[in-house]
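**Student:** If you scroll down you'll find the structure; I have some questions about it.
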Amino acid sequence: MTIIQFRDLFRSTLCYQFRYSEIDYMFKSILVSFFRFKPTIIGLNPNKLLTNKQAIKLNDSLSLIKKNCPLQYVIGKAFFLDLEIFVNKDVLIPRPETEELVVWSSKYIKNNDEVIDLCTGSGCIALAIKKMNPFTHITGLDISKKAISLAKKNSKKLNIEADWIVADITDYNEKGKKFDIIISNPPYIHPDEIPNIHERVLNYEPEFALFTPKDDPIFFYKYCINFAIKALKSAGKLFFEVNPNYCDQVENQILKKYFSNIKIKKDFRGKNRMLSATKL
């Protein structure tokens, strides 16, 4: 089959799930990612005959997308700010809201600051912060060995230096090390919200990185806050991405502790998505 014939096959197979513009974008992304074709090849050489191996790869990709597998998992990578990072089913796919968190927090980061990203996953937050603030020292922490392995792979690919730690934030002790900035996008979806979540997320992204315990929607924030009490320097800043439904609860939890100057920032959709606080 030719490129244009495969493009038409993608359209006819996926037209009940996606708009043509979305289908064409996914098809082009697959061509570029797997075969290193130029994005213009569909227009310039639509009748190019594909090899058997290429046809098999396209058919496999089409089958996955038909089953609602996210494109990022199909091609094994995602874009985060100006970084191209590896992703797989062991880590969440980075979201635009998290890009906003990085941009916001970076305004407060100074040269030589010690920064730690809790629940780092693919390392996208830590690596983007280091890219934007090259004279900082960055650490990424996650409970998942597979996630940290992928974060290290991203660090090496991007040639961005960072330290990576496998640890559970609920019982982690950094042995007295202090940080200027603590940032985290922890699991924050309550199980009651599952009916509102697309199966593309439910069936493919790691459950442990998505959901809170049913009896405590700010469970992970409490441990991040307790860690910050011990590990954040005086006047250091704590940054969270938060679930808009529980932003008030996170704010109240912080107010109980040793923090001041709490700020809440809306995301591009107008929802309370980010929170910062300053250590007393």
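So in our numbering, the last spot in the sequence shown is 1348, and the numbers never skip.
The beta carbon of each residue, even a glycine, is placed where N, CA and C say it ideally should be.
With H, G and I counted as helix, E and B as strand and the rest as coil, what does DSSP make of residue 1329?
**Tutor:** The answer is strand: DSSP assigns residue 1329 an E or B state.
**Student:** Sort 1336, 1250, 1254 and 1269 by Cα distance to residue 1345 and report the nearest one.
**Tutor:** When only C-alpha atoms are compared, the closest one is 1250.
**Student:** Keeping to the same chain, check which residues put their C-beta closer than 7 angstroms to that of residue 1164; ignore five residues upstream and five downstream.
**Tutor:** Cβ neighbours of residue 1164 beyond the five flanking positions: 1336.
**Student:** What runs of the alpha helix (DSSP H), each 4 residues or longer, lie entirely inside the segment 1197–1266?
**Tutor:** Runs found: 1213–1226.
**Student:** What residues are listed by DSSP as bridge partners for residue 1340?
**Tutor:** Bridge partners of residue 1340: 1334.
**Student:** Under a three-way DSSP split, which group does residue 1286 fall into?
**Tutor:** Correct three-state label for residue 1286: coil.
**Student:** For residue 1185, which three-state DSSP category applies?
**Tutor:** It is a strand residue.
**Student:** Looking only at its chain, what residues have a beta carbon closer than 7 angstroms to the beta carbon of residue 1174, apart from the 5 residues adjacent to it on each side?
**Tutor:** Counting only Cβ-Cβ distances below 7 angstroms, and skipping sequence neighbours, we find 1197, 1200 and 1201.
**Student:** If residue 1204 sits next to residue 1185, beta carbons under 8 angstroms apart, how far is it from one beta carbon to the other, in whole angstroms?
**Tutor:** About 11 angstroms separates the two Cβ atoms, so there is no contact after all.
**Student:** I need the DSSP call for residue 1190, collapsed to helix, strand or coil.
**Tutor:** Here residue 1190 sits in coil by DSSP.
**Student:** My understanding is that residue 1118 touches residue 1074, with C-beta atoms under 8 angstroms, so please give their C-beta distance in whole angstroms.
**Tutor:** Their Cβ separation, rounded to whole angstroms, is 7 angstroms, which keeps residue 1118 and residue 1074 in contact under 8 angstroms.
**Student:** If you run the structure through DSSP and keep just helix, strand and coil, what is residue 1161?
**Tutor:** Correct three-state label for residue 1161: coil.
**Student:** Quick one: any contact between the segment 1320–1333 and the segment 1264–1282, if contact means 3 or more CB pairs under 8 angstroms?
**Tutor:** With a cut-off of 8 angstroms, the segment 1264–1282 and the segment 1320–1333 do not count as touching, because too few Cβ pairs lie within range.
**Student:** Give me the Cα-Cα distance between residue 1081 and residue 1137, rounded to the nearest whole angstrom.
**Tutor:** Spanning the two alpha carbons is a distance of roughly 14 angstroms.
**Student:** Given a threshold of 16 other Cβ atoms within 10 Å of its Cβ, counted over all protein chains shown, does residue 1308 qualify as buried or as exposed?
**Tutor:** The residue in question, residue 1308, is buried, as its Cβ has 16 or more Cβ neighbours within 10 Å.
**Student:** Would residue 1305 count as contacting chain B if we go by Cβ distances under 8 angstroms?
**Tutor:** Absent from the structure is chain B; it holds one protein chain and no more.
**Student:** Given a cut-off of 8 angstroms on the beta-carbon distance, is the pair residue 1161 and residue 1090 in contact?
**Tutor:** Contact flag unset, no.
**Student:** Using beta-carbon positions only, say whether residue 1096 and residue 1110 come within less than 8 angstroms of one another.
**Tutor:** Cβ distance < 8 angstroms, so residue 1096 and residue 1110 count as in contact.
**Student:** Pick from 1194, 1191 and 1187: whose alpha carbon is nearest that of residue 1211?
**Tutor:** Among 1194, 1191 and 1187, the Cα nearest to that of residue 1211 is on 1187.
**Student:** Just verifying my parser: in three-state terms, what is the DSSP assignment at residue 1147?
**Tutor:** The answer is strand: DSSP assigns residue 1147 an E or B state.
**Student:** Confirm, please, whether the CB-CB distance from residue 1334 to residue 1341 is below 8 angstroms.
**Tutor:** Closer than 8 angstroms, so yes.
**Student:** Tell me, please, whether the segment 1298–1314 touches the segment 1252–1263 by the rule of three or more beta-carbon pairs shorter than 8 angstroms.
**Tutor:** Segments in contact, yes.
**Student:** Relative to the alpha-carbon of residue 1190, which residue among 1177, 1172, 1176 and 1234 has its alpha-carbon at the smallest distance?
**Tutor:** Closest option to residue 1190, Cα to Cα, is 1234.
**Student:** Could you name the residues of the same chain whose beta carbon sits closer than 8 angstroms to that of residue 1213, not counting the 5 residues immediately before and after it, in chain order?
**Tutor:** Cβ within range, chain order: 1234.
**Student:** What do you reckon, are the CB atoms on residue 1300 and residue 1319 nearer than 8 angstroms?
**Tutor:** No, they are not a contact pair.
**Student:** Can you grab the Cα-Cα spacing for the pair residue 1258 / residue 1289, in whole Å?
**Tutor:** Approximately 13 angstroms, taken between the alpha carbons.
**Student:** Could you tell me the alpha carbon to alpha carbon distance between residue 1277 and residue 1088, rounded to whole angstroms?
**Tutor:** If you take the alpha carbons of residue 1277 and residue 1088, they lie about 31 angstroms apart.
**Student:** For residue 1348, count neighbouring Cβ atoms within 10 angstroms of its own Cβ and tell me buried if that reaches 16, exposed if not.
**Tutor:** With fewer than 16 other Cβ atoms within 10 Å, it is exposed.
**Student:** Quick one: what does DSSP say residue 1175 is sitting in, helix, strand or coil?
**Tutor:** It is coil, neither helix nor strand.
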